[in-house]
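I have placed the structure first, in the form of structure tokens, so that the comments after it can refer back to it.
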Amino acid sequence: MDIETVPTEPIAGQKPGTSGLRKKTAAFLKPGFLENYVQAIIDGIGGVAGESFVIGGDGRYGNKQAMQTLIRMLAAGGAKHLIIGQNGLLSTPAASCVIRKRGTKGGFIFSASHNPGGERGDFGLKYNISNGGPAPESVTSAIYEATQTISAYGLAEIEPVDLSTLGTVERGEMTVEVIDPVADYAELMGELFDFEAIGKLFASGFRLSYDAMNAATGPYAKAILEGMLGAPEGTVVNGEPLPDFGGLHPDPNPVHAHDLFETMASPNAPDMGAASDGDGDRNLVLGKSLPVSPSDSIAILAANAHLAPGYAKGPVGLARSMPTSRALDRVAEHLGIALYETPTGWKFFGNLLDAGKITLCGEESAGAGSDHVREKDGLWAVLLWLNILARRGESIREIVKGHWARFGRNYYTRHDYEAVETERAEALMAELKGRLESLPGTTAGSLTIEASDDFAYRDPVDGSLAEHQGLRILFEGGGRAVFRLSGTGTEGATLRVYLERFEADPAKHGMDAQEALKPIIEAAEAVAKIREHTGRSEPDVIT
Ligand code: G1P
Ligand code: ZN
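What follows is the structure, encoded as structure tokens:
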């Protein structure tokens, strides 16, 4: 096998963010960019000689071509064995599952998650380590350092691998195995959940509409829901992974999953609506005319997880990202178990899961998961909901209302200001940060500020410190506003404002969240001058 060594130079803009590196497709696939980045990963993880890796992606435009390049580069680095999902497909949670099951050194996942795909959309690549989870800070910094000093990359002169055909082929010294992307994952789900009870639920006429948004989860949802669990054909909509997601923006929120929200608000709504994002790690669950907020969803899943065979003993501990509502804290308190508050991004849950400190974890951004893999898992959350519904024999509305009555309701919303000029967004954060210490005791809108800080997290397992993870402002009466800039956007800056307030009184649980949070929303505007800084009169997306 010949290896071509191509001289190159560092390229700007290759710093991995919350979940790998994301860019506009054209920029990522510009000659040299992908190659430089892959070589930096290979060098950053200490080489690939003699190692095995999993490769998969969400099916978006450019994935198959990029995978052939990756295969050539791993062969050049001396990798021994590659496991690739058929047609290059593996949802993020399925990739995590396969990495763990097959004990590989890591995995390469081609995805820009919920960002739009296609030639004019976004492209992305993230590297996951041997526990199946996103690379921690130490690894991403090593990768970044390698991007700064790179001088050449290696490409093996080998034939392309036919990704559509199952089976194993040889390329140089390396073997390449193309696998069914669904099988391992479906088997794991069968171990965790009461498939018999869920099957009976569907047989009794329960109706679910699952929107796979033309992205990675279609084949998984069809095989598991319609195949193994007997849900009627048509339960899964937009079930074919398409390179441009059929023009859909595969982010399960009220704006982009608009059709599903409409279906669920109609008089003939099915019993449950659900959707997942581009690479299948996010989830959204809706009852009839009742979208379940992700922060509530993870709390409800935690409170009822013991109803699923895989979690029969109940969770050992729980974790949520800092901006996620504190509904989960109440469940942890009730169960008498620990609650960890981590920075945004799934990678911070990895150590807690590996150390056996937590069983379930979640984020307000439609992410929920458990110790079964090391990524958040959209279909898993839907199956756990189905398992709970099957065992409790109640509707989603009854379960959600019952949860609020028992634990109180944490009204919650997130306001996103997208594609804001980077300097303006940074100025807002810098200015607020500069005033943070002087805020307690002052008023914002109609509320008095009780405390404020710049969130930092000391990892209880490895002692590492993550600083500047969001500005927190606590108001009298327990309300909270959190400000942070997104680490996953590809255009300008995205300002996220997270707003929350607790309501104990069940008579006041029926309000619209925006209405219930009005004083907090106004206080957040007063304290941070969002309109003035961003030049926007309202958020682009409200979730
Ligand atoms: C967003 C979400 C975060 C999630 C990440 C990856 O990151 O807010 O919770 O872990 O996507 O899916 P952000 O754009 O806010 O940095
Ligand atoms: Zn995703």
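Here the sequence shown stands for residues 65 to 607, numbered as in our numbering. Yeah, the Cβ is synthetic: ideal placement off N, Cα and C, and Gly gets one too. It should be emphasised that the depicted structure is a prediction, and the values quoted were computed from it without experimental measurement.
Of the residues M493, L538, A491, D523, which one's Cα is nearest the Cα of L503?
L538
Is the Cβ of E439 closer than 9 angstroms to any Cβ of chain D?
Of the protein chains in this structure there is only one, and it is not chain D.
Nearest-angstrom Cα distance between G509 and E586?
Rounded to the nearest angstrom, the two C-alpha atoms are 6 angstroms apart.
Counting only runs of 3+ residues fully inside the segment 156-213, write out the beta strand (DSSP E) ranges in chain order.
170-174, 186-193
Is any heavy atom in the ligand ZN found nearer than 8 angstroms to the beta carbon of G231?
no
For the candidate residues H436, T299, N317, whose alpha-carbon lies nearest to that of P355?
Taking only the C-alpha atoms, the option nearest P355 is N317.
Using only the heavy atoms of the ligand G1P, determine whether one of them is closer than 8 angstroms to the beta carbon of R346.
yes
Using the C-alpha atoms, what's the distance from A515 back to A90?
45 angstroms
From the DSSP output, which residues share a beta bridge with I67?
A220
My guess is that R124 and F187 are in contact by the Cβ rule of under 8 angstroms, so how many angstroms apart are they, rounded?
7 angstroms
In its own chain, which residues sit with a C-beta less than 7 angstroms from the C-beta of D604, not counting the 5 before and 5 after it?
D480, Y481, E482
Provide the residue(s) that pair with H145 in DSSP beta bridges, ordered along the chain.
In the DSSP output, where bridge partners are listed per residue, H145 has S116, T239.
Could you give the distance in angstroms between the alpha-carbon of L417 and the alpha-carbon of H573?
Rounded to the nearest whole angstrom, the CA to CA distance from L417 to H573 is 33 angstroms.
Give the range of the alpha helix (DSSP H) segment to which H467 is assigned.
Unbroken alpha helix (DSSP H) run through H467: 460-471.
Could you check what DSSP says for R385 in three-state terms: helix, strand or coil?
Here residue 385 is Ser; the residue named in the question, Arg, does not match the sequence. Strand.
From S83 to H178, what does the alpha carbon distance come to, in whole angstroms?
Using only the alpha carbons, I get a separation of about 12 angstroms.
I need the DSSP call for M328, collapsed to helix, strand or coil.
helix
With distances taken from CA atoms, which of G553, T552, L511, V561 is nearest G543?
L511
Taking the straight line between their C-alpha atoms, what separation do you get for T388 and I119?
31 angstroms
Can you list, in chain order, the residues of its chain whose CB lies under 7 angstroms from that of P334, leaving out five sequence neighbours each side?
Same-chain partners within the cutoff: R271, L272, S273.
Give the DSSP-derived three-state secondary structure of A395 in the structure shown.
As written in the sequence, residue 395 is Val, which differs from the Ala given in the question. Reduced to three states, the DSSP call for V395 is helix.
Give the DSSP-derived three-state secondary structure of D248 in the structure shown.
helix
Are the CB atoms of N347 and V446 nearer to each other than 9 angstroms?
yes
Between the C-alpha atoms of G472 and R461, what's the straight-line distance to the nearest angstrom?
15 angstroms
Return yes when the C-beta of H178 is under 8 angstroms from any heavy atom of the ligand ZN, and no when it is not.
Distances taken from the Cβ of H178 to the heavy atoms of the ligand ZN include one shorter than 8 angstroms.
What did DSSP end up calling G84 once you bin it into helix, strand or coil?
strand
If you check the beta carbons only, do L453 and C425 fall under 9 angstroms apart?
no
Would you mind reading off the limits of the beta strand (DSSP E) that contains S273?
272-275
Quick one: does the C-beta of S175 sit closer than 8 angstroms to a heavy atom of the ligand ZN?
yes
Cutting at 7 angstroms between CB atoms, please list the residues of its own chain near S228, excluding the five before and the five after it.
Q150, N151
Rounded to the nearest angstrom, how far is the Cβ of G433 from that of W444, given a contact under 8 angstroms?
7 angstroms
Distance, Cα to Cα, S205 vs P80?
8 angstroms
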